[in-house]
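If you're matching positions, the sequence shown starts at 1 in the UniProt record's numbering and goes up one per residue.
Down below is the structure, laid out as structure tokens.
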Amino acid sequence: MSPKIFALKEREEARIKMLEAGLALIREHGMTHASVEKVTRAVGLGKSTFYNFFPSKEMFVYEIIQYQRDRAKQFFMDTLDGREKMTTPEAKAFLRKIIFSENSIYQYLTAEDEARLKAALPPEFRIDPQAEAVVMRGLFTHMEGVRPDVDFPLAANLIKIMALAMLNQDALHPGALARTLDRIYDLLFSCIFTENA
């Protein structure tokens, strides 16, 4: 059977369908068990078609992460709605939404998954801590009530601690997980926003 030929618009639609199906499968089964075959079956394509879009499963997961970032940027712009800055309550709600929304892939990746991604992805596709600080600075310039002395590495570490808590929640007291994350959010927000914001 010859590979399907896609028009440009069809190609982008198929790519987005695979990214969304991949996220749903990772949420349900984890990265290891969200196979290429399951992804293509979920969107009605042949397995070989997957590799016309993504060179590897790891690059596919990277593309899911990028897709989510693009959606978060759009949500950010929608929240700003043409204004220069969002209010502090809007900013806090935005940060809560992007850090651990149910669509955030990070809470479904295990430490092994992250190590596998790091080993398989070329250096230019790996997360750069310096780039994270630049992104955070860019976000914070569009938020009211941000401290002039924000400690970006500390804020990034607090977010990563929350991610580690989600990844290893079976090692934590389940009845206290939500309260624990709320306290970390409070600490994170105290590092980002002024006291009276």
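Cβ coordinates follow ideal geometry from the N, Cα and C atoms, glycine included.
Since the structure is predicted, the reported quantities are computational estimates derived from the model, not experimental observations.
Decide if glutamate 28 is buried, meaning its Cβ has at least 16 other Cβ atoms within 10 Å, or exposed.
exposed
Contacting residues, own chain, Cβ-Cβ under 6 Å from methionine 86 (five flanking each side not counted)
Thr79, Leu80 and Met143
Can you name the residues that DSSP bridges to phenylalanine 193?
Val146
Histidine 173 versus tyrosine 108 - alpha carbon distance:
19 Å
Looking at serine 48: is its Cβ nearer than 8 Å to the Cβ of alanine 120?
no
In chain order, what are the residue ranges of uninterrupted alpha helix (DSSP H) at least 4 long that sit wholly in the region 61-118?
88-100
Using the beta-carbon count (16 or more within 10 Å), is alanine 14 buried or exposed?
buried
Applying the criterion that 16 or more other CB atoms from any shown protein chain within 10 Å of the CB defines a buried residue, is methionine 1 buried or exposed?
With a pLDDT of only 47 at methionine 1, under the threshold of 50, the placement of this residue in the model should not be trusted; the figure read from the coordinates follows. The residue in question, methionine 1, is exposed, as its Cβ has fewer than 16 Cβ neighbours within 10 Å.
Assuming alanine 155 and leucine 181 make a contact with CB atoms under 8 Å, what is their CB distance in whole Å?
15 Å between Cβ atoms; not a contact.
With a 10 Å radius around its C-beta and 16 neighbouring C-beta atoms as the bar for buried, classify lysine 73 as buried or exposed.
exposed
Taking all protein chains shown into account, decide if leucine 8 is buried (16 or more other Cβ within 10 angstroms of its Cβ) or exposed.
exposed
When the Cα atoms are used, what is the spatial distance from leucine 188 to leucine 158?
6 Å
C-alpha distance - arginine 147 paired with threonine 32, whole-angstrom precision:
41 Å
Would phenylalanine 193 pass as a contact of threonine 88 if the rule is Cβ separation under 8 Å?
yes
For asparagine 168, name the three-state secondary structure that DSSP assigns.
coil
Can you list, in chain order, the residues of its chain with a C-beta nearer than 6 Å to that of isoleucine 98? Leave out the 5 residues immediately preceding and following it.
Ala72
Cα-Cα, which of Ile65, Phe75, Glu114 and Ala111 is closest to arginine 96?
Phe75
When Val43, Lys160 and Gly44 are compared against alanine 111, the one with the closest alpha-carbon
Lys160
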